[in-house]
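For the sequence shown, position 372 matches number 822 in the working numbering, and the numbering has no gaps at all.
Here the structure comes first, spelled out in structure tokens, and everything after it is commentary.
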Amino acid sequence: MIKTDVVIIGGGPCGLAAACGVEKSGAKCVILERDERLGGILNQCIHNGFGLHVFNEELTGPEYAHRWIDKVNECKNVKYYLNSFVYMIECTPNGYLVSAYNDEDLIEVEAKAVILALGCREKPAGSVQLLGTRPSGIFTAGCAQKLINIEGKSVGKRVVILGSGDIGLIMARRLTCEGATVLGIYEIMPQSGGLARNITQCVKDFNIPLNLSTTVTRVEGDKRLTGVYVAPVDQKLQPVAELEKFIPCDTLLLSVGLLPEIEIANDFQLEFNPTTNSYCVDEYFQTSKTGLFCAGNVLHVNDLVDNVSREGQHAGECAGLYALGKLPTAEKVEITFDDHIKYTAPKYIYKTGAGEVQVSFRVNKNYRRTIIRAISGGVEISRRPAPVVTAGEMQTVTIDKSKIQEDLHFEIQVLE
Ligand SMILES: Cc1cc2nc3c(=O)[nH]c(=O)nc-3n(C[C@H](O)[C@H](O)[C@H](O)COP(=O)(O)OP(=O)(O)OC[C@H]3O[C@@H](n4cnc5c(N)ncnc54)[C@H](O)[C@@H]3O)c2cc1C
């Protein structure tokens, strides 16, 4: 059995930054990664757009991952095991026991703290009401990305994309560059769930039609997909049958959302947030169980990897301090928010007095001319004008902790 201070499950950008955070705290850690290489989802994201905030450079996904892999390799107290699929976390008198399959062996790591950095998975075809046959040619966007970018395989020639999340938008451009015709992106909501820059650079610049308030209702085909039916939706998001039309195509990509990989910790019955489909955390990224931390995409789906690295590094430092018995605790303040905001991460702040804390959140739809306000004890303690806030982009506000009284409330004042 391996003994260490912190076990990090997942060696993607969150796990890598978390390891650097543990190193900074002075503690030791082990990363367990199921894949044959570190880097997580970034290994298949060969487009650029990563690292603008952390490195002030526009890097590709693998380049960004490698910056962090180099940092991890420089750490003296970090070990990692690849091809190691974690299947169980148990409590022990000393903390936690994490078990993983490594090739044909079993690895057991005992530690005082665990960081969940498992990322998320794509919602499959079964999660959307897709009527019709089940031919080949229907892929999740990330699966198609892996086939094209890692395995060098083509997925199809005439493509329809359902959902306009960032992966779908990025794949629309990628497929076009590969010589396929992207016939259209169909999004059931009145706005895209993707970043504004992806809508411009991946869709508008390539003249790909983005159809809002429209969905794919049925698929057709025997062995291979031969076409899909699309229809606009009414205000209740129900397809208008009379306006349904057929689009001949051989490929349908699904970009209909991501689900955090939380199941590994189900037995702990942690405080859960149905909005994020994941756990609630405090400002240390600690769940409702002490010593069990959670950050990155397994906590909430991030739009920018830079935020993931920031969260991971902070979670790692806090988990390391926890393992060394140096993590300060105090009375908790629960963050509340108005109807424009869907959730905040973290959910709780400690009244430890000094320092700053960063609070991230998403809004429920797009707004123009807004002011993001934080209020505590009836006093405005943070105010930031935001000309545009969109559902696809995460907002982050830095709060001076010395100003926090008994409560902390966030609100969006919409001026237009
Ligand atoms: C297709 C796509 C395009 C993107 N484009 C951009 C972009 O242009 N710019 C940008 O800033 N961000 C982008 N992002 C977002 C960014 O890549 C993610 O936010 C980031 O990768 C999340 O990091 P993570 O470490 O939380 O998760 P991941 O990168 O998913 O890493 C999780 C790791 O955990 C491992 N793991 C999971 N389960 C287990 C287990 N049971 N045992 C052991 N290991 C396990 C996985 O193998 C994986 O390596 C994109 C994301 C996707 C999916």
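Note that the Cβ used here is the ideal one computed from N, Cα and C, for glycine as well.
Model, not experiment: these values are computed from the prediction.
- Inclusion of H764 and S728 in the CB contact set at 8 Å is not warranted, their separation being larger than that value.
- Taking each of S549, E601, G613 in turn and checking the Cα distance to S577, the smallest one comes out for G613.
- In the displayed model, D788 falls within coil according to three-state DSSP, outside both helix and strand.
- Within the same chain, S549, A550, Y551, I714 come within 8 Å of Y537 by CB-CB distance, once the 5 residues on both sides are set aside.
- For the segment 808 to 855, the continuous beta strand (DSSP E) assignments of 3+ residues that do not extend past its boundaries occur at 817 to 826, 829 to 839, 845 to 850, in sequence order.
- Take the alpha-carbon of C593 and the one of L708: they are about 13 Å apart.
- Under the DSSP assignment, R624 falls in the alpha helix (DSSP H) whose first and last residues are 616 to 627.
- Apart from sequence neighbours up to five positions away, the residues of its chain that approach T510 with a beta-carbon distance below 6 Å are I496, N498, ordered along the chain.
- Exposed is the label assigned to I600, since fewer than 16 other Cβ atoms lie within 10 Å of its Cβ.
- Distance between F500 and V809, taken at the CA atoms: about 21 Å.
- Distance between I791 and V522, taken at the CA atoms: about 36 Å.
- Excluding sequence positions up to five before and after S663, its CB lies within less than 8 Å of the CB of E637, I638, M639, P640, P682, V683, all in the same chain and listed in chain order.
- Non-local beta-carbon contacts of A780 in its own chain, meaning distances under 6 Å to residues more than five positions away in sequence, involve Y800, K801, T802 in chain order.
- Secondary structure at R608: strand, using DSSP grouped into helix, strand and coil.
- Exclusion of the five residues before and after H859 leaves T786, I825 as the residues of its chain whose Cβ lies within less than 6 Å of its Cβ.
- Nearest C-alpha to Y817 among C699, V829, E830, V838: V838.
- In the three-state scheme derived from DSSP, where H, G and I count as helix and E and B as strand, A561 is classed as strand.
- Here DSSP, grouped into helix, strand and coil, assigns C470 to helix.
- Across the set I539, E486, G465, the C-alpha of G465 shows the shortest separation from the C-alpha of V480.
- Between G460 and G643, the C-beta spacing is not below 8 Å.
- Between V680 and V666, the gap from beta carbon to beta carbon is short of 8 Å.
- DSSP places V653 in the helix class (H, G or I) of the three-state scheme.
- Secondary structure of A550 (DSSP, three-state): strand.
- Pairing A591 with G634 gives a Cβ-Cβ distance that is not under 8 Å.
- Around the beta carbon of N814, a 10 Å sphere encloses fewer than 16 other beta carbons of the protein chains shown; the residue is thus reported as exposed.
- Comparing C-alpha distances from Y531 to each of A691, E558, W518, P512 shows the shortest one belongs to E558.
- The DSSP-derived three-state label of P463 is helix.
- With a cutoff of 8 Å on beta-carbon distance, K596 and V706 are scored as not near each other.
- For R668, there is no enclosing alpha helix (DSSP H); the enclosing beta strand (DSSP E) has its first and last residue at 664 to 671.
- In this structure, the straight-line span from the alpha carbon of V731 to that of V457 is close to 18 Å.
- Closest by C-alpha distance to A804, out of K853, G770, A575, is K853.
- Between Y793 and T725 a beta carbon distance of about 4 Å is seen, short of the 8 Å cut, so the two are scored as contacting.
- With a contact defined as Cβ atoms closer than 8 Å, I649 and G677 miss out at about 26 Å.
- Sequence-distant Cβ neighbours of K474 in its own chain, meaning closer than 6 Å and more than five residues away, are E767.
- For V609, the shortest separation between its Cβ and any heavy atom of ligand 1 does not lie below 7 Å.
- By the criterion of a C-beta distance shorter than 6 Å, E784 is surrounded in its chain by Y798, once the five residues flanking it on both sides are discounted.
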